[in-house]
Amino acid sequence: MRRYVVLTVVALVALGACSTASKSKGPASEPSTGPTITVLALGGSATEGDGVRDRLRDAWPYLVFETAFPRSTVFVNGALDDATLQHAITAQAPLAAQLKPDVIEVWLGADDVTARTPISLFRAEFHQLLDLLHASGARRIIVADLPPALGSTAPYNTAIHAQVAAAHAELVSLANVAIALGPTDGLTPQPDTASHRLIAAAFERRIDQNPG
Amino acid sequence: MTWRDAIALARRSVGRRGGRAALTVLAVALGAALLSSLLIASTAAKQRVLDQVSEGGPLSGIKVDAAAPSPVALDSDNPRPGPPRRIDDAALQSIARLPDVVSVLPIIATPMVFEAPAVLPAAARATDNDGRPIFDSLIGIDLSRINDLPVTLLSGRLPDLGSQTEVAVTSDFLSRIGMTTQNAAAIVGTELTLGAPRDFDSGIGRRTRARWTRAEIVGVVSQDAGSGLVISSLDLARAAQAWTALSAPSTPPAPPTSPYADLFVVAHGLNRVTEVRTEINNVGYSTSAPESLITQVQRYVHVVELVLAGIGLIGLAIAALGISNAMLAAIRERRREIGVLKAVGATDRDVRRVFLVEAGTLGFVGGVLGATIGFVVARILATVVNSYLSSEGLQTVRLGVPVALLVAVIGGATLLALAAGTLPAIRAARMPARQAIGDE
Chain A
7 MRRYVVLTVV
17 ALVALGACST
27 ASKSKGPASE
37 PSTGPTITVL
47 ALGGSATEGD
57 GVRDRLRDAW
67 PYLVFETAFP
77 RSTVFVNGAL
87 DDATLQHAIT
97 AQAPLAAQLK
107 PDVIEVWLGA
117 DDVTARTPIS
127 LFRAEFHQLL
137 DLLHASGARR
147 IIVADLPPAL
157 GSTAPYNTAI
167 HAQVAAAHAE
177 LVSLANVAIA
187 LGPTDGLTPQ
197 PDTASHRLIA
207 AAFERRIDQN
217 PG
Chain B
57 MTWRDAIALA
67 RRSVGRRGGR
77 AALTVLAVAL
87 GAALLSSLLI
97 ASTAAKQRVL
107 DQVSEGGPLS
117 GIKVDAAAPS
127 PVALDSDNPR
137 PGPPRRIDDA
147 ALQSIARLPD
157 VVSVLPIIAT
167 PMVFEAPAVL
177 PAAARATDND
187 GRPIFDSLIG
197 IDLSRINDLP
207 VTLLSGRLPD
217 LGSQTEVAVT
227 SDFLSRIGMT
237 TQNAAAIVGT
247 ELTLGAPRDF
257 DSGIGRRTRA
267 RWTRAEIVGV
277 VSQDAGSGLV
287 ISSLDLARAA
297 QAWTALSAPS
307 TPPAPPTSPY
317 ADLFVVAHGL
327 NRVTEVRTEI
337 NNVGYSTSAP
347 ESLITQVQRY
357 VHVVELVLAG
367 IGLIGLAIAA
377 LGISNAMLAA
387 IRERRREIGV
397 LKAVGATDRD
407 VRRVFLVEAG
417 TLGFVGGVLG
427 ATIGFVVARI
437 LATVVNSYLS
447 SEGLQTVRLG
457 VPVALLVAVI
467 GGATLLALAA
477 GTLPAIRAAR
487 MPARQAIGDE
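Structure, rendered in structure tokens:
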């Protein structure tokens, strides 16, 4: 009897070895596919990442992309150096029509302050820009105003607040954020790395307030 | 005497001399284990080289470049391609219809900026690449046909089919960030940021915008499917490629516009590779395949296979001599039993049958035990070899279940035991009853 038991055990061991041997490498059966969120950032030099050492890790749009959105997010930074509103309308807004983003983050106006764009023109251009962005079908348009560190921002902020309210966009107030400007290589001083973290935190708070 | 009686007598005899029977079985088992483990090892090598070559697979694969064939490179393993030529779905279909083509797999290669994981494993931090982004290519492959592609998993797993958030990095990627395949597991589970570039004219000059995505590094691979540092699903690569394809026209040379960078064509065996390459060249595409290298490897593997089988057979022959010796000793000890059997009417044939059943049983049990041990030993060897191959970034050996081989070893051990027991059985059968009893 014991002999049969031994033979059975040997056969079971052989079968077990065979079954483990037949396993092969391959992808897991559950695909990790899901809906993606597309986020577009529009802005000027600071939004593009001027003034920080590693723009892909330190500039505020990338910080927001890394921390405020799920992994399945597609992010495009449409910002360009020295972008006034007029420039943004021609060179950045078309991206929204093409990408059809779910969320658009806007931080424009700093270069208009530097260029002393007339307030009436600034207001009209902001209105035009928000119209274009709405037309892209974005669910959320999040607009930041200008911190005092950038100069005489009060009239520009008044225009931004009015246009944001009229367009039912969402406002990120940077008026009370301690932005510090640092020197850049021959360019206009830009927010430093710490300030980028503050700006990103302000955007993240706004995004978290209304996650839908 | 019936077969049942003969089996019962043989069983009783084996039971009475358990120690000797166990040693005889052990001798057969060791011979069979040696033969089966060596044959399984050589079969695994054959599977890696010869079977894949003869039945289709990565080794009988042909790379089709997005280029016309070069007239100066007619018969080379790595011919210099001619002028660029698009590979699209129509080209893929036309190549798939060629005779002796088993499968055609598209490979997408798209330029990409890789931002290495922000929190690099400790192993990589010592030789960090200063956190600079890496400019190279993302390779999109059909993950459902991974076994047909020259891709070996070194650590972790492969991305899920169609996943937009999972990638596997190559051993070259590890080198670029100062890691080695030895600590490949450390990067699995970290996050990689991928930026598909698009050139555009900003009005004040040519600029680049990237389409950024994040993906979890789920595995590390060694691959020869395409030129790039990271592999992903075709869907992920296609989305990135679509973004980059809208780049503004640049000064020559223009960026590649082919939807597929390469095709990986699996031919119906190595002997068809040359013909298939010629046919693909006739369709108008440049090809490359490691066929001459494989032919040489084929010869070496065959020689090794013969040598290993020879060593195993010698082991089994020694075991057969052991059986013969044990049976002869048994006859000497069992003369009285043989005499009694004959006295009560057993024929020569009956006596012969008892001894042959005993020899066959020893051979069969030894064969089963030996085949099992041999298989386990081969698996252990394969594990050791695979860990070495993986650490070197080479394709691993896939050890299948050689059922036919194991059955053949068991059958061979049984037959050899029967052959070894035949002479003693004949001697026992021919022994006169009076002499057998008288000698006792």
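Heads up: the sequence lines are chains A and B, in that order. Each residue of the first sequence is one higher than the one before, counting from 7 in this note's numbering. Each residue of the second sequence is one higher than the one before, counting from 57 in this note's numbering. All residues carry an ideal CB built from backbone N, CA and C; glycine is no exception.
Exercise. Can you tell me which of the three DSSP states I143 (chain B) falls into?
Key: coil
Quiz prompt | N- and C-terminal bounds of the alpha helix (DSSP H) containing N163 (chain A) | solution = A160 to A172
Self-check item: Classification of N203 (chain B) by the beta-carbon crowding that lies within 10 angstroms, buried from 16 upward
Solution: Exposed, because fewer than 16 other Cβ atoms sit within 10 Å of the Cβ of N203 (chain B).
Exercise. Classify L154 (chain B) as helix, strand or coil using the three-state DSSP reduction.
Key: Correct three-state label for L154 (chain B): coil.
Quiz item: Given that T269 (chain B) touches chain A, what residues does it touch there, using C-beta distances under 7 Å?
Solution: V80
Exercise. Determine which residues share a DSSP beta bridge with A252 (chain B) and list them.
Key: Paired residue(s): B:R267.
Practice problem: Could you spell out the range, first to last residue, of the alpha helix (DSSP H) harbouring A434 (chain B)? | Solution: Unbroken alpha helix (DSSP H) run through A434 (chain B): D404 to S447.
Practice problem: Run down chain B in chain order and give the residues with a C-beta less than 9 Å from the C-beta of N83 (chain A). | Solution: R265, A266 and W268
Self-check item: Cutoff 8 Å: L114 (chain A) Cβ touching any chain B Cβ
Solution: Judged by the 8 Å Cβ criterion, L114 (chain A) is not in contact with chain B.
Quiz prompt | Endpoints, alpha helix (DSSP H) assigned at N338 (chain B) | solution = V329 to V339
Self-check item: Neighbour-count burial assignment, I143 (chain B), 16 or more Cβ in a 10 Å radius
Solution: buried
Quiz item: Would you call E393 (chain B) buried or exposed, if buried means 16 or more other Cβ atoms sit within 10 Å of its Cβ?
Solution: Classification of E393 (chain B): buried, given that the 10 Å Cβ count is 16 or more.
Self-check item: Run of the alpha helix (DSSP H) containing T478 (chain B), from where it starts to where it stops
Solution: V459 to R486
Practice problem: Put D88 (chain A) into one of helix, strand or coil per three-state DSSP. | Solution: coil
Self-check item: In DSSP terms, what P162 (chain B) is bridged to
Solution: P162 (chain B) is bridged by DSSP to B:L319.
Practice problem: Just confirm the distance between the C-beta atoms of L94 (chain B) and I367 (chain B), as a whole number of angstroms; I'd bet it's less than 8 Å. | Solution: 6 Å
Quiz item: If you compare alpha carbons, which of B:F170, B:A484, B:A97 and B:A89 is closest to G193 (chain B)?
Solution: It should be noted that the sequence gives Ser, not Gly, for residue 193 (chain B). Ranking B:F170, B:A484, B:A97 and B:A89 by Cα distance to S193 (chain B) puts B:F170 first.
Practice problem: Give a yes or no on whether the C-beta atoms belonging to F75 (chain A) and V112 (chain A) are separated by under 8 Å. | Solution: Annotated as distal: F75 (chain A) and V112 (chain A), with beta-carbon spacing of 8 Å or more.
Exercise. Report the three-state DSSP secondary structure of Q220 (chain B) (helix, strand or coil).
Key: Reduced to three states, the DSSP call for Q220 (chain B) is coil.
Self-check item: Identity of the residues DSSP links to G401 (chain B) by a beta bridge
Solution: Looking at the DSSP output, G401 (chain B) bridges to nothing.
Quiz item: Comparing alpha-carbon positions, which option in B:D216, B:L148, B:G284 and B:D257 lies nearest L230 (chain B)?
Solution: Of B:D216, B:L148, B:G284 and B:D257, the residue nearest in Cα terms is B:G284.
Exercise. Determine the chain E residues that contact P189 (chain B) at a beta-carbon separation under 8 Å, and present them in chain order.
Key: The displayed structure is made up of protein chains A and B, and chain E is not among them.
Self-check item: I148 (chain A) beta carbon less than 8 Å from that of E176 (chain A)
Solution: yes
Quiz item: When Cβ atoms are compared, which residues of the region 122 to 151 of chain A fall closer than 8 Å to chain B?
Solution: none
Self-check item: Same chain only: Cβ atoms within 6 Å of T199 (chain A), ignoring 5 sequence neighbours per side
Solution: V58 and D64
Practice problem: Determine, using beta carbons only, whether G419 (chain B) comes closer than 8 Å to chain A. | Solution: So no, G419 (chain B) is outside the interface.
Practice problem: Could you pull the start and end residues of the alpha helix (DSSP H) that A236 (chain B) belongs to? | Solution: Here residue 236 (chain B) is Thr; the residue named in the question, Ala, does not match the sequence. Run containing T236 (chain B): none; DSSP gives neither H nor E here.
Quiz item: Going by Cα to Cα distance, which pick from B:S446, B:G419, B:R76 and B:S98 is closest to V359 (chain B)?
Solution: Nearest C-alpha to V359 (chain B) among B:S446, B:G419, B:R76 and B:S98: B:S98.
Quiz item: Short check: CB of P153 (chain A) to CB of V183 (chain A), under 8 Å?
Solution: yes
Quiz item: chain B beta carbons: is any one of them nearer than 8 Å to that of F71 (chain A)?
Solution: yes
Quiz item: Identify the residues that DSSP records as bridge partners of I287 (chain B): which are they?
Solution: B:I195 and B:A224
Practice problem: Counting only the same chain and skipping the five closest in sequence on each side, list residues whose C-beta sits under 7 Å from that of P137 (chain B). | Solution: D121, A123, S126 and S342
Quiz item: So, is V440 (chain B) buried or exposed, given that buried needs 16 or more other C-beta atoms within 10 angstroms?
Solution: exposed
Practice problem: Can you tell me which of B:P315, B:T403, B:V332 and B:Y316 puts its alpha carbon nearest to the alpha carbon of I322 (chain B)? | Solution: In the sequence on display, residue 322 (chain B) carries Val and not Ile. Out of B:P315, B:T403, B:V332 and B:Y316, B:V332 has the C-alpha closest to the C-alpha of V322 (chain B).
Quiz item: Mapping DSSP to helix, strand and coil, what is T58 (chain B)?
Solution: coil
Self-check item: L138 (chain A), enclosing beta strand (DSSP E) - first and last residue
Solution: Taken as a continuous stretch (DSSP letters only), L138 (chain A) belongs to no beta strand (DSSP E), being part of the alpha helix (DSSP H) at I125 to A141.
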